[in-house]
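Heads up, the thing below is written out as C-alpha coordinates.
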Amino acid sequence: MAYQPGVPNHSTTHDDNESNRRLYNPYHDLQVPIQTIYKLPTSPEYLFPEESRAQRRSWGENLTYYTGIGYLAGASVGAAKGLGSGVKSIESTDTLKLKINRVLNGSGQAGRQLGNRCGIIGLLYAGLESGMVAARDTDDVINSVVAGLGTGAIYKAAAGPRSAAVAGAIGGVLVGLAVAGKQALKRYVPI
54 MAYQPGVPNH
64 STTHDDNESN
74 RRLYNPYHDL
84 QVPIQTIYKL
94 PTSPEYLFPE
104 ESRAQRRSWG
114 ENLTYYTGIG
124 YLAGASVGAA
134 KGLGSGVKSI
144 ESTDTLKLKI
154 NRVLNGSGQA
164 GRQLGNRCGI
174 IGLLYAGLES
184 GMVAARDTDD
194 VINSVVAGLG
204 TGAIYKAAAG
214 PRSAAVAGAI
224 GGVLVGLAVA
234 GKQALKRYVP
244 I
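Basically the working numbering = 1-based index in the sequence shown + 53.
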(Lines of atoms letter the chains of each structure in order from A; the text may use other names.)
(Lines give C-alpha, C1' and ligand atoms only; values in the text may rest on other atoms or scores of the structure.)
Protein backbone atom coordinates (compact mmCIF):
# COMPACT_ATOMS: atom_id res chain seq x y z
CA MET A 54 0.00 0.00 0.00
CA ALA A 55 1.44 3.37 -0.95
CA TYR A 56 2.03 6.00 1.69
CA GLN A 57 -0.14 9.11 1.35
CA PRO A 58 0.60 11.75 3.98
CA GLY A 59 -2.21 13.80 5.48
CA VAL A 60 -5.06 11.57 4.30
CA PRO A 61 -6.84 10.18 7.33
CA ASN A 62 -8.62 6.90 6.97
CA HIS A 63 -12.12 7.36 8.52
CA SER A 64 -13.72 4.35 6.89
CA THR A 65 -12.53 1.95 9.57
CA THR A 66 -13.91 1.75 13.09
CA HIS A 67 -10.61 2.17 14.97
CA ASP A 68 -10.14 4.55 17.83
CA ASP A 69 -8.81 8.10 17.32
CA ASN A 70 -5.21 7.23 18.27
CA GLU A 71 -4.80 4.91 15.28
CA SER A 72 -6.20 7.40 12.77
CA ASN A 73 -3.52 9.96 13.69
CA ARG A 74 -0.67 7.57 12.99
CA ARG A 75 1.23 7.33 9.70
CA LEU A 76 3.17 4.54 8.06
CA TYR A 77 6.93 4.55 8.52
CA ASN A 78 8.86 5.28 5.30
CA PRO A 79 12.56 4.30 5.68
CA TYR A 80 13.53 6.24 2.52
CA HIS A 81 12.00 9.55 3.62
CA ASP A 82 15.26 11.16 4.80
CA LEU A 83 17.32 10.02 1.81
CA GLN A 84 18.06 12.77 -0.67
CA VAL A 85 18.81 10.32 -3.53
CA PRO A 86 16.06 9.79 -6.08
CA ILE A 87 15.22 6.11 -5.99
CA GLN A 88 15.19 5.85 -9.81
CA THR A 89 18.93 6.57 -10.09
CA ILE A 90 19.78 3.56 -7.95
CA TYR A 91 18.28 1.18 -10.50
CA LYS A 92 19.66 2.70 -13.73
CA LEU A 93 21.90 -0.11 -14.91
CA PRO A 94 24.44 0.35 -17.71
CA THR A 95 23.55 -1.08 -21.11
CA SER A 96 27.14 -1.50 -22.31
CA PRO A 97 29.37 -4.34 -21.14
CA GLU A 98 31.49 -3.71 -18.08
CA TYR A 99 35.19 -4.58 -18.17
CA LEU A 100 37.70 -5.12 -15.41
CA PHE A 101 40.59 -3.49 -17.30
CA PRO A 102 40.32 -0.42 -19.55
CA GLU A 103 42.24 -2.05 -22.41
CA GLU A 104 39.52 -4.69 -22.68
CA SER A 105 36.94 -2.01 -23.44
CA ARG A 106 38.96 -0.73 -26.41
CA ALA A 107 38.95 -4.12 -28.15
CA GLN A 108 35.74 -4.59 -30.12
CA ARG A 109 35.93 -8.38 -30.30
CA ARG A 110 35.65 -11.46 -28.15
CA SER A 111 38.69 -12.72 -26.28
CA TRP A 112 40.49 -15.83 -27.52
CA GLY A 113 38.84 -18.00 -24.87
CA GLU A 114 35.36 -16.75 -25.74
CA ASN A 115 36.16 -17.22 -29.42
CA LEU A 116 37.33 -20.77 -28.80
CA THR A 117 34.23 -21.66 -26.84
CA TYR A 118 31.87 -19.98 -29.29
CA TYR A 119 33.20 -21.53 -32.52
CA THR A 120 33.68 -24.98 -31.02
CA GLY A 121 30.20 -24.99 -29.50
CA ILE A 122 28.48 -23.66 -32.62
CA GLY A 123 30.38 -26.15 -34.78
CA TYR A 124 29.48 -29.10 -32.59
CA LEU A 125 25.84 -28.08 -32.26
CA ALA A 126 25.39 -27.51 -36.00
CA GLY A 127 27.20 -30.72 -36.90
CA ALA A 128 25.29 -32.79 -34.37
CA SER A 129 21.95 -31.42 -35.59
CA VAL A 130 22.70 -32.10 -39.26
CA GLY A 131 24.18 -35.50 -38.40
CA ALA A 132 21.15 -36.46 -36.32
CA ALA A 133 18.84 -35.55 -39.20
CA LYS A 134 20.98 -37.57 -41.61
CA GLY A 135 21.06 -40.49 -39.18
CA LEU A 136 17.31 -40.29 -38.75
CA GLY A 137 16.88 -40.85 -42.48
CA SER A 138 19.31 -43.78 -42.55
CA GLY A 139 17.70 -45.25 -39.43
CA VAL A 140 14.24 -45.12 -41.01
CA LYS A 141 15.58 -46.73 -44.21
CA SER A 142 17.16 -49.59 -42.23
CA ILE A 143 13.87 -50.62 -40.63
CA GLU A 144 12.75 -54.08 -41.71
CA SER A 145 9.15 -55.23 -41.97
CA THR A 146 9.59 -57.90 -39.28
CA ASP A 147 10.92 -55.45 -36.64
CA THR A 148 8.93 -54.77 -33.49
CA LEU A 149 8.18 -51.20 -32.41
CA LYS A 150 11.00 -51.26 -29.86
CA LEU A 151 13.47 -52.44 -32.49
CA LYS A 152 12.32 -49.76 -34.95
CA ILE A 153 12.79 -47.02 -32.36
CA ASN A 154 16.17 -48.47 -31.44
CA ARG A 155 17.36 -48.43 -35.06
CA VAL A 156 16.28 -44.80 -35.51
CA LEU A 157 17.89 -43.66 -32.25
CA ASN A 158 21.13 -45.54 -32.94
CA GLY A 159 21.35 -44.10 -36.46
CA SER A 160 20.67 -40.56 -35.24
CA GLY A 161 23.06 -40.81 -32.32
CA GLN A 162 25.93 -42.30 -34.29
CA ALA A 163 25.76 -39.93 -37.25
CA GLY A 164 25.10 -36.90 -35.02
CA ARG A 165 28.06 -37.69 -32.81
CA GLN A 166 30.45 -38.22 -35.72
CA LEU A 167 29.52 -35.08 -37.64
CA GLY A 168 29.28 -33.01 -34.45
CA ASN A 169 32.82 -33.98 -33.44
CA ARG A 170 34.18 -33.18 -36.90
CA CYS A 171 32.55 -29.75 -37.01
CA GLY A 172 33.60 -29.04 -33.42
CA ILE A 173 37.23 -29.77 -34.31
CA ILE A 174 36.97 -27.50 -37.34
CA GLY A 175 35.61 -24.72 -35.10
CA LEU A 176 38.40 -25.33 -32.59
CA LEU A 177 41.09 -25.08 -35.28
CA TYR A 178 39.53 -21.97 -36.80
CA ALA A 179 39.22 -20.17 -33.47
CA GLY A 180 42.81 -20.95 -32.53
CA LEU A 181 44.20 -19.83 -35.87
CA GLU A 182 42.12 -16.65 -35.99
CA SER A 183 43.09 -15.66 -32.43
CA GLY A 184 46.72 -16.41 -33.26
CA MET A 185 46.54 -14.20 -36.35
CA VAL A 186 45.01 -11.34 -34.36
CA ALA A 187 47.76 -11.65 -31.75
CA ALA A 188 50.52 -11.86 -34.38
CA ARG A 189 49.30 -8.99 -36.59
CA ASP A 190 47.84 -6.87 -33.76
CA THR A 191 44.84 -6.00 -35.91
CA ASP A 192 41.43 -7.50 -36.50
CA ASP A 193 40.39 -7.55 -40.14
CA VAL A 194 39.15 -9.78 -42.96
CA ILE A 195 42.64 -11.07 -43.76
CA ASN A 196 42.87 -12.81 -40.38
CA SER A 197 39.59 -14.62 -40.97
CA VAL A 198 40.44 -15.73 -44.52
CA VAL A 199 43.93 -16.93 -43.55
CA ALA A 200 42.44 -18.78 -40.56
CA GLY A 201 39.96 -20.47 -42.93
CA LEU A 202 42.79 -21.44 -45.30
CA GLY A 203 44.83 -22.82 -42.43
CA THR A 204 41.91 -24.68 -40.88
CA GLY A 205 41.11 -26.53 -44.10
CA ALA A 206 44.76 -27.34 -44.73
CA ILE A 207 45.40 -28.63 -41.20
CA TYR A 208 42.16 -30.61 -41.08
CA LYS A 209 42.99 -32.52 -44.27
CA ALA A 210 46.79 -32.61 -43.84
CA ALA A 211 46.83 -36.34 -43.14
CA ALA A 212 45.17 -37.08 -46.49
CA GLY A 213 48.10 -35.63 -48.44
CA PRO A 214 49.29 -32.28 -49.76
CA ARG A 215 46.79 -32.12 -52.61
CA SER A 216 43.81 -32.75 -50.33
CA ALA A 217 45.17 -30.23 -47.83
CA ALA A 218 45.54 -27.57 -50.55
CA VAL A 219 42.02 -28.16 -51.85
CA ALA A 220 40.52 -28.13 -48.35
CA GLY A 221 42.49 -24.99 -47.51
CA ALA A 222 41.18 -23.23 -50.61
CA ILE A 223 37.62 -24.29 -49.82
CA GLY A 224 38.00 -23.10 -46.22
CA GLY A 225 39.37 -19.72 -47.31
CA VAL A 226 36.60 -19.20 -49.87
CA LEU A 227 33.86 -20.19 -47.42
CA VAL A 228 35.17 -17.85 -44.72
CA GLY A 229 35.59 -15.04 -47.26
CA LEU A 230 31.98 -15.49 -48.38
CA ALA A 231 30.77 -15.59 -44.78
CA VAL A 232 32.63 -12.40 -43.85
CA ALA A 233 31.44 -10.61 -47.00
CA GLY A 234 27.88 -11.77 -46.33
CA LYS A 235 28.06 -10.54 -42.74
CA GLN A 236 29.29 -7.11 -43.83
CA ALA A 237 26.59 -6.87 -46.53
CA LEU A 238 23.98 -7.90 -43.98
CA LYS A 239 25.14 -5.16 -41.58
CA ARG A 240 25.09 -2.56 -44.33
CA TYR A 241 21.83 -3.34 -46.12
CA VAL A 242 19.58 -4.92 -43.49
CA PRO A 243 18.49 -2.60 -40.69
CA ILE A 244 18.31 -4.62 -37.51
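Glycine included, C-beta positions come from ideal geometry on N, C-alpha and C.
Please read these numbers as outputs of a predicted model, since none were measured by experiment.
Given Gly220, which residues of its chain have a CB within under 7 Å of its CB, disregarding the five upstream and five downstream residues?
Taking the first residue of the sequence shown as position 1, residue 220 is located at position 167. The residue you asked about is not Gly; residue 220 is Ala in the sequence shown. The answer, listed in chain order, is Gly205, Ala206, Tyr208 and Lys209.
Drop a sphere of 10 angstroms on the beta-carbon of Thr120, count the other beta-carbons inside from all chains shown, and report buried for 16 or more, exposed for fewer.
As a position in the sequence shown, residue 120 is number 67, starting the count at 1. So Thr120 counts as buried.
Within its chain, find whatever has a CB closer than 7 Å to the CB of Leu181; leave out the 5 residues flanking it on each side and keep chain order.
Taking the sequence shown and counting its residues from 1, the one referred to as residue 181 is at position 128. Correct list, in chain order: Ala200, Gly203 and Thr204.
Considering only their Cβ atoms, is the gap separating Asn115 from Gly139 smaller than 8 Å?
Start at 1 with the first residue of the sequence shown, and residue 139 comes out as number 86. Start at 1 with the first residue of the sequence shown, and residue 115 comes out as number 62. No, Cβ-Cβ distance for Gly139 and Asn115 is not below 8 Å.
Among Ala212, Val156, Ile195 and Ala126, whose alpha-carbon lies nearest the alpha-carbon of Val228?
Position 175 of the sequence shown, counted from the start, is the residue given in the question as residue 228. With distances taken between Cα atoms, Val228 lies closest to Ile195.
Does the count of Cβ pairs from the segment 159-175 and the segment 210-217 closer than 8 Å reach three?
no
What does the Cβ neighbour count give for Val198, buried or exposed, with the cut at 16 atoms within 10 Å?
The residue labelled residue 198 in the question sits at position 145 within the sequence shown. It counts as buried.
What did DSSP end up calling Tyr77 once you bin it into helix, strand or coil?
In the sequence shown, counting from the first residue as 1, residue 77 sits at position 24. It is coil, neither helix nor strand.
What do you get for Ile153, buried or exposed, if any count of 16 or more other CB atoms within 10 angstroms of its CB means buried?
Taking the sequence shown and counting its residues from 1, the one referred to as residue 153 is at position 100. Exposed, by the Cβ-count rule.
Count the other CB atoms within 10 Å of the CB of Ala231; is the residue buried (16 or more) or exposed (fewer)?
Translated into positions along the sequence shown, residue 231 becomes position 178. For Ala231, the number of other beta carbons within 10 angstroms of its own is below 16, and it is reported as exposed.
Under a Cβ-count criterion, where at least 16 other Cβ atoms within 10 Å of its own Cβ denotes burial, should Leu177 be classed as buried or exposed?
By one-based count along the sequence shown, residue 177 stands at place 124. Residue environment for Leu177: buried (at least 16 other C-beta atoms within 10 angstroms of its C-beta).
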